[in-house]
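*Asks:* The structure is given below, and queries will be raised subsequently.
Residue numbers (this note's numbering): 17 to 555.
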């Protein structure tokens, strides 16, 4: 065992900036590249190019904030625990739930991606007009998700070994798709067609609802591997910035190739009514239409490999998040247990059951993408609070990477996370914040009914800011522009200003109700001394 430990320690120092960057790129090019171009074009028209630029900048801000925090706690799974550092047990447990629901929904969305493309050669899986799963599609989805989860009990180590090969595949296929589409069908005039493009609202709405931010959130891979590089102060920011830039360039090129490859007749009724034969598998359908049927066949294969691999890995990741939540008592302790083979069976069963539930309110890829974007960005929002709290309470702590201008960039990242949640719209907000409210109410009732107050403090004093935070986010959705589902009490630009002011107020509340230096240092010591719930797993 000692030798294995020493070997692992050695390997952890071998990850350079390129290896870290490729880990992130592999996670960023999943089902998003198969569908985001279509949905972004339908939402924003040619303005979808700008949606990717906005998304890249937003994700970069979030990523840089986490680069500092994670290099302070270079342990896999630190994200599960770090929310305790600034605001204590109440916030930590709520964030454990949010992380679980953010991760558990990725497997289902990748299953929906597989089935949506497969509908072109196995008709009847999804409705070709809406992309919603049919009855046969629901059954197929439950079976595929069961396979994802079931395989986690047997062969995870073998799947992780092929990550490098998979990454090259994931980069090569989109790049070659760009070259083939532009070579065989190039209509630059499509870039000037603005009918039904959604205007400025469409550009920002596409960021959150068309899969733009969803596609770029995989940057966390490099951050999760912070403990595996000898020079995190250099390698982490290089990997994070490099992965976001590389993936963004690929996605922007794909968006341009998709728009210019379209037959102008397909856009005659406006971008919102864009439709063509085989649209449930958009890139493959266009490839076949322009005369590259062989490449369309390759894309149908990739539509199984890319989302399938991502769904499998995230099923693994969800079980580890569940274990961490069980360890920190956000979930019952049974979910922290593993069997004699080291498999978290209870956590995997929960992953499957909750994953199946997600097919019902979100039976189509784009519907689920909006939810995933919203809740994942919400989980990243805590980064600004933790970073600034540590700057204030623990300025002497070692920071292998120290973010320059943190007191400007961290608040900006918090504002951006609020904006993205606003852009997902009221429908997503109703589900997300309604679910949080119900879960929190149940948790509070159980806590007091079982005598929890006599066992440990609830954490109201340092966590009460969550109530105006979540409530305010929902109100921003409710009073927001009609184009995003609100009652139109605020114009789009007014909603941005109000959202920014609201974010700064909540950030101020969170920082001024945070833990003391002694309490913060205690949590920091626990995190840095432990291996973390996800130790040894690259997410």
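Even glycine gets a Cβ: it sits at the ideal position worked out from N, Cα and C.
So does the segment 210-227 actually touch the segment 47-54, counting three or more Cβ pairs closer than 8 Å?
*Replies:* yes
*Asks:* By Cβ distance below 8 Å, which residues in the same chain neighbour residue 535 in space, the five residues on each side in sequence not counted?
*Replies:* As a position in the chain shown, residue 535 is number 519, starting the count at 1. Cβ within range, chain order: 104.
*Asks:* Considering only residues of the same chain and omitting the five flanking positions on each side of residue 192, which have a CB-CB separation below 8 Å?
*Replies:* Indexing the chain shown from 1 puts residue 192 at position 176. Around residue 192: 311.
*Asks:* So what does DSSP say about residue 520, is it helix, strand or coil?
*Replies:* Stepping through the chain shown from its first residue, residue 520 is reached at position 504. DSSP places residue 520 in helix when its eight states are reduced to three.
*Asks:* Below 6 Å CB to CB, which residues in the same chain sit around residue 392 once its five sequence neighbours on both sides are set aside?
*Replies:* Within the chain shown, residue 392 is the residue found at index 376, counting from 1. So the list reads 118 and 233, once near-sequence residues are dropped.
*Asks:* For the alpha helix (DSSP H) holding residue 254, just list the boundary residues, first then last.
*Replies:* Position 238 of the chain shown, counted from the first residue, corresponds to residue 254. Residues 248-277.
*Asks:* Compare the C-alpha of residue 263 against each of 184, 201 and 445 and name the closest.
*Replies:* Locating residue 263 in the chain shown gives position 247, counting from the first residue. That would be 184, whose Cα lies nearest to the Cα of residue 263.
*Asks:* Please name the residue or residues paired with residue 314 in a DSSP beta bridge.
*Replies:* Residue numbering aside, residue 314 sits at position 298 when the chain shown is read from its first letter. Answer by DSSP bridge pairing: none, since residue 314 is not bridged.
*Asks:* With the cut-off set at 9 Å, would you say residue 490 and residue 445 are in Cβ contact?
*Replies:* Position 474 of the chain shown, counted from the first residue, corresponds to residue 490. Position 429 of the chain shown, counted from the first residue, corresponds to residue 445. Contact flag set, yes.
*Asks:* Hey, quick one: how far does the alpha helix (DSSP H) through residue 78 stretch, first residue to last?
*Replies:* Indexing the chain shown from 1 puts residue 78 at position 62. Counting along the chain, the alpha helix (DSSP H) containing residue 78 begins and ends at 64-88.
*Asks:* Using only alpha-carbon positions, find the residue among 209, 407 and 249 that is nearest to residue 290.
*Replies:* In the chain shown, the residue the question calls residue 290 occupies position 274. Nearest option by C-alpha distance: 209.
*Asks:* What would DSSP say about residue 149, mapped onto helix, strand or coil?
*Replies:* Counting from 1 along the chain shown, the entry for residue 149 is found at position 133. It is a strand residue.
*Asks:* Assuming residue 522 and residue 485 are in contact, meaning their beta carbons sit under 8 Å apart, how far apart are those beta carbons, in whole angstroms?
*Replies:* Here residue 522 refers to the residue found at position 506 when the chain shown is read from its first residue. Here residue 485 refers to the residue found at position 469 when the chain shown is read from its first residue. Confirmed, Cβ separation roughly 5 Å.
*Asks:* Is residue 493 buried or exposed, if buried means 16 or more other CB atoms sit within 10 Å of its CB?
*Replies:* Translated into positions along the chain shown, residue 493 becomes position 477. By the 10 Å Cβ count, residue 493 comes out buried.
*Asks:* Assign residue 354 to buried or exposed, taking buried as 16 or more other Cβ atoms, counted over all protein chains shown, within 10 Å of its Cβ.
*Replies:* As a first step, residue 354 must be located in the chain shown, where it is residue number 338. Burial is judged here by how many other beta carbons sit within 10 angstroms of a residue's own beta carbon; residue 354 has fewer than 16 and is exposed.
*Asks:* Which of helix, strand or coil does DSSP assign to residue 142?
*Replies:* The sequence position of residue 142 within the chain shown is 126, counting from 1. Strand at residue 142.
*Asks:* Within 10 Å of its beta-carbon, does residue 318 have 16 or more other beta-carbons around it, so buried, or fewer, so exposed?
*Replies:* In the chain shown, the residue the question calls residue 318 occupies position 302. Label assigned to residue 318: buried.
*Asks:* Tell me the rounded alpha-carbon separation between residue 358 and residue 372.
*Replies:* Indexing the chain shown from 1 puts residue 358 at position 342. Indexing the chain shown from 1 puts residue 372 at position 356. Using only the alpha carbons, I get a separation of about 24 Å.
*Asks:* With 16 as the cutoff for other CB atoms within 10 Å, does residue 376 come out buried or exposed?
*Replies:* Position 360 of the chain shown, counted from the first residue, corresponds to residue 376. Residue 376 should be labelled exposed.
*Asks:* Classify residue 415 as buried or exposed, calling it buried when 16 or more other Cβ atoms lie within 10 Å of its own Cβ.
*Replies:* Translated into positions along the chain shown, residue 415 becomes position 399. It counts as buried.
*Asks:* Which same chain residues, not among the five before or five after residue 370, have their C-beta less than 7 Å away from its C-beta?
*Replies:* One-based indexing of the chain shown puts residue 370 at position 354. Here the set comprises 120.
*Asks:* Using a Cβ-Cβ cutoff of less than 8 Å, which residues in the same chain neighbour residue 541 once the five nearest sequence positions on both sides are dropped?
*Replies:* Position 525 of the chain shown, counting from 1, holds the residue named residue 541. The answer is none, since no qualifying residue turns up.
*Asks:* If you drop the 5 nearest sequence neighbours on each side, which residues of the same chain put their C-beta closer than 7 Å to that of residue 161?
*Replies:* Position 145 of the chain shown, counted from the first residue, corresponds to residue 161. Result list for residue 161: 123, 124, 127, 368, 371 and 372, in chain order.
*Asks:* At which residue ranges does the segment 292-377 contain complete alpha helix (DSSP H) runs of 4 or more residues, listed in the order of the chain?
*Replies:* 298-305, 309-343 and 361-374
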